[in-house]
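Take a look at the structure below.
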Amino acid sequence: MSKRVLTIVIAAGVALLLGVLLLIVSALPESSKGDNSSLVASSGITSSEEEKDVNGYIAVYAYDEDQLRRAEVKNQVGGYTVNYVKEDTYSVEGVEEFDLNSDSIDNLITCSMQIYATKTIAENPTDLATYGLDEPVAEIKLSYDTGETIEMLIGDLSPSGGKYVLVKNNNKIYTVSTNWTNVFEYKYTHFLDMTVTDPLETDEDGNEIEVRVKKLTFNGGGLKRPIILVENPEYLAEVDRLENASSDEELDVTVNAAQYIFQSPFVADADNNVYAGKQHDYFGVLAEDIYTPHPTATDIANCGLSSPYATVEYVTSKETVKISLGKSFEIDGEKYYYALSSQRKALFVVNASDFSFFEEDMIDYISPIVVNVMIDEFATMTAEYDGKKQVFEMSGEDDELVVRWNGKKMSTKEFRDLYQLVMLALCEESVEPDTYSGDPDLKITYTYRGKERVDTVEYVKVGTRKYMIRKNGSDLALCRSKHVDALISGIEKFVTGLDVPAAY
């Protein structure tokens, strides 16, 4: 056989052998092909820890999100044990009856799927103290549905960032992002629902369904006087009238009456523009932490809740809800209260900023106009000053309004200008009730058409430039003396037939 022929025969034989090998390999199962999955058979620990995922982290182990069955953690604040119950449902050992914080549980599950290591520091280490692993900040045992477990220790912060983590399964130390380690350093309450009060319900479009709050009360040792707001019957009547009006009725769609009336620390209308919606501020309050899920009488006393600093109570159409605030404390300049809720079992820690309302000046929430009533709703307006008594009678309305003084028909235009001065005597500063006494320089009494109602407003001089407004016998607020001086001057001009300035 020639050399050339021999070469051709050998080449054909090699090609045939390669073809056979290729057929054999292609017939093998996927798991036998060496596909770089790097998972050791029946184990979540990877065969090559230096292999990195798409985010650049070392893949030390890998599990699916539904494989975690138990997380046992011991740490410097006690730790926790989280157990799988059924699909998408977990419980915290010892407080199984509590709803859980879904975000915290999801974070734990995410961290149980893979460790986010940034660098391998040591293999088979003998000196754990260097890394703070001789007295770890957390000891972790994660159990999976395969029957496998991953055990780890969390140590000190690394100078280059992250924390040292020892994975016992392969006896290696890694640096790991604190975004991963944080969840293993929390106490068990971190996984509990922090909702202090029920939130507002939502409709099918996700819009909040406003609950009717009939009364809102703030009281307790931390308040000088209770704060009490109640629904205004006149507001409810206006809303009812609009809701039940027939389609062919021509109605003013604006509700002018105040929705709420302060009964304490003074009696006054709440300003709808300022107070609007605040009656729902205490629905869905979230705590910063749970002090204890099952408070004892000793816990309640130690946290200052036997005699609360303040209690918020709101009465709805179906229930009365109370939030009691106890002792306060500060962390990094932020103020917190211990708190109890009538809707929950736990003793909470809440942020003081969620309860700032009762520490504010209520004068900022009332209508600054002392008597905010349309001019044609009055039957009479009587002004008393300097020993004089001026009685004004009203009849008709809108363009047909008629004003009489001492039975004499007066200029409606000028009386409207006078009424502007009446309304401009605004509540401007708060006043501590019973601070001032004395007779008023001006007293105005109002009666109303079709209503058994009388309002009195007195102006008592308390300083060179200040008057105190006393409404229906209750000290209300301070106003500037120029308002009262202009009002008295305006009344004098009106009764003598002079033009009344509508502004000053």
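With my numbering as the guide, the letters of the sequence shown map in order to residues -14 to 489. Don't be surprised by glycine CBs; every beta carbon is placed ideally from N, CA and C.
Return the first residue and the last residue of the alpha helix (DSSP H) that residue i is part of.
| i | result |
| --- | --- |
| Glu219 | 218 to 228 |
| Phe314 | Unbroken run through Phe314 is the beta strand (DSSP E), 305 to 316; no alpha helix (DSSP H). |
| Asn258 | 257 to 260 |
| Asn164 | 163 to 166 |
Which same chain residues, not among the five before or five after residue i, have their C-beta less than 7 Å away from its C-beta?
| i | result |
| --- | --- |
| Ser396 | none |
| Glu399 | Phe479, Asp484, Val485 |
| Lys414 | Residue 414 is actually Glu in this sequence, not Lys. Around Glu414: Ile348, Ala462, Leu463. |
| Ser309 | Leu290, Pro293, Thr296, Ala324, Leu325 |
| Tyr75 | Val67, Asn68, Tyr69, Leu85, Ile90 |
| Ser143 | Tyr149, Thr160 |
| Gly117 | Gly140, Asp141, Tyr149 |
| Glu193 | Leu185, Thr187 |
| Leu93 | Ala56, Val67, Val168 |
Among the candidates the options, whose CA atom is the shortest distance from the CA of residue i?
| i | options | result |
| --- | --- | --- |
| Val490 | Ser87, Gly262, Leu113, Thr301 | There is no way to answer for residue 490, as the model of the chain reaches only from -14 to 489. |
| Ile354 | Tyr404, Asn156, Ser128 | Tyr404 |
| Ile90 | Gly289, Pro121, Leu406, Asn68 | Asn68 |
| Phe176 | Ile351, Leu406, Glu82 | Glu82 |
| Val161 | Glu417, Ala102, Tyr116, Ser128 | Ala102 |
| Asp274 | Lys59, Lys37, Asn86 | Asn86 |
| Leu386 | Lys373, Asp361, Val407, Val376 | Asp361 |
| Tyr294 | Phe203, Ser338, Asn336 | Phe203 |
| Phe250 | Val240, Arg210, Glu219, Thr281 | In the sequence on display, residue 250 carries Pro and not Phe. Among Val240, Arg210, Glu219, Thr281, the Cα nearest to that of Pro250 belongs to Arg210. |
| Pro121 | Glu195, Ile194, Phe169 | Phe169 |
| Ala364 | Ser338, Phe377, Asp371, Lys373 | Phe377 |
| Gly206 | Ser76, Thr283, Phe343 | Phe343 |
| Gly392 | Ser128, Gln375, Arg401 | Gln375 |
| Ala107 | Gln99, Ser327, Lys157 | Lys157 |
| Thr430 | Glu477, Gly269, Met366 | Met366 |
| Ala56 | Ala47, Ser97, Asp88 | Ser97 |
| Ile135 | Pro110, Leu208, Gln52 | Gln52 |
| Asn155 | His265, Tyr46, Gly140, Thr283 | Tyr46 |
| Glu219 | Gln244, Gly147, Asn229 | Gln244 |
| Gly64 | Asp49, Arg455, Tyr171 | Tyr171 |
| His279 | Gly269, Phe333, Phe247, Asp73 | Phe333 |
| Val306 | Ala286, Asn287, Cys288, Phe268 | Phe268 |
| Val335 | Met359, Ile351, Cys288 | Cys288 |
| Ser145 | Thr131, Leu138, Thr163 | Thr163 |
| Phe351 | Glu189, Lys428, Phe247, Tyr421 | Contrary to the premise, residue 351 reads as Ile rather than Phe in this sequence. It is Phe247 whose Cα lies nearest to the Cα of Ile351. |
| Glu72 | Arg438, Tyr421, Glu50 | Glu50 |
| Gly423 | Leu406, Arg455, Asn229 | Arg455 |
Name the DSSP bridge partner or partners of residue i?
| i | result |
| --- | --- |
| Cys464 | Tyr452 |
| Thr282 | It should be noted that the sequence gives Ala, not Thr, for residue 282. Ala282 is not bridged to any residue. |
| Val297 | Phe203, Ile308 |
| Ala242 | Partner(s): none; Ala242 has no beta bridge. |
| Ile473 | According to DSSP, Ile473 bridges with nothing at all. |
| Phe247 | Leu214, Ala253 |
| Ser422 | Beta-bridge pairing links Ser422 to no other residue. |
| Asn60 | Ala123 |
| Tyr171 | Tyr171 pairs with nothing; no bridge assigned. |
| Val45 | Answer by DSSP bridge pairing: none, since Val45 is not bridged. |
| Val157 | Note that residue 157 is Lys in the sequence shown here, rather than Val. Lys157 pairs with Glu108, Val152. |
Starting from residue i and walking both ways along the beta strand (DSSP E), at which residues does that stretch end?
| i | result |
| --- | --- |
| Asn336 | 332 to 336 |
| Asp274 | 274 to 277 |
| Met347 | Premise fails: Met347 is in no beta strand (DSSP E) and is neither H nor E. |
| Asp88 | Element bounds for Asp88: not the beta strand (DSSP E) but the alpha helix (DSSP H), 87 to 98. |
| Gly432 | Reading off the sequence shown, one finds Thr at residue 432, where the question assumed Gly. Per DSSP, Thr432 belongs to the beta strand (DSSP E) from 427 to 433. |
| Thr66 | 65 to 71 |
| Asp440 | 439 to 446 |
| Ser291 | Neither: Ser291 is in no beta strand (DSSP E) and is coded neither H nor E. |
| Ser326 | 319 to 326 |
| Asp484 | Neither: Asp484 is in no beta strand (DSSP E) and is coded neither H nor E. |
| Tyr149 | 148 to 152 |
| Asp188 | No beta strand (DSSP E) contains Asp188, which DSSP labels as neither H nor E. |
| Glu108 | 101 to 108 |
| Asp141 | 134 to 142 |
| Val77 | 74 to 77 |
Going along the chain, which residues of its own chain have a beta-carbon closer than 6 Å to the beta-carbon of residue i, five neighbours each way excluded?
| i | result |
| --- | --- |
| Val300 | Lys199, Lys200 |
| Lys446 | Asp426, Tyr452 |
| Ser313 | Lys320, Tyr322 |
| Asn21 | In this predicted model, Asn21 has a pLDDT of only 33, less than 50, meaning its place in the structure is not dependable enough to derive any value. |
| Glu223 | Val240, Ala242 |
| Ser380 | Val387 |
| Gly482 | none |
| Lys59 | Glu124 |
Excluding the 5 residues preceding and the 5 following residue i in the sequence, name in chain order all residues of the same chain whose CB lies nearer than 8 Å to its CB.
| i | result |
| --- | --- |
| Arg329 | Thr180, Val181, Thr182 |
| Asp470 | none |
| Gly458 | Thr441 |
| Lys37 | Ile43, Ala44 |
| Val62 | Glu170, Tyr171, Lys172 |
Could you tell me which whole alpha helix (DSSP H) segments of length 4 or greater appear in the segment 369 to 418? Taking only runs of at least 4 residues, the alpha helix (DSSP H) segments lying wholly in the segment 369 to 418 are 397 to 408.
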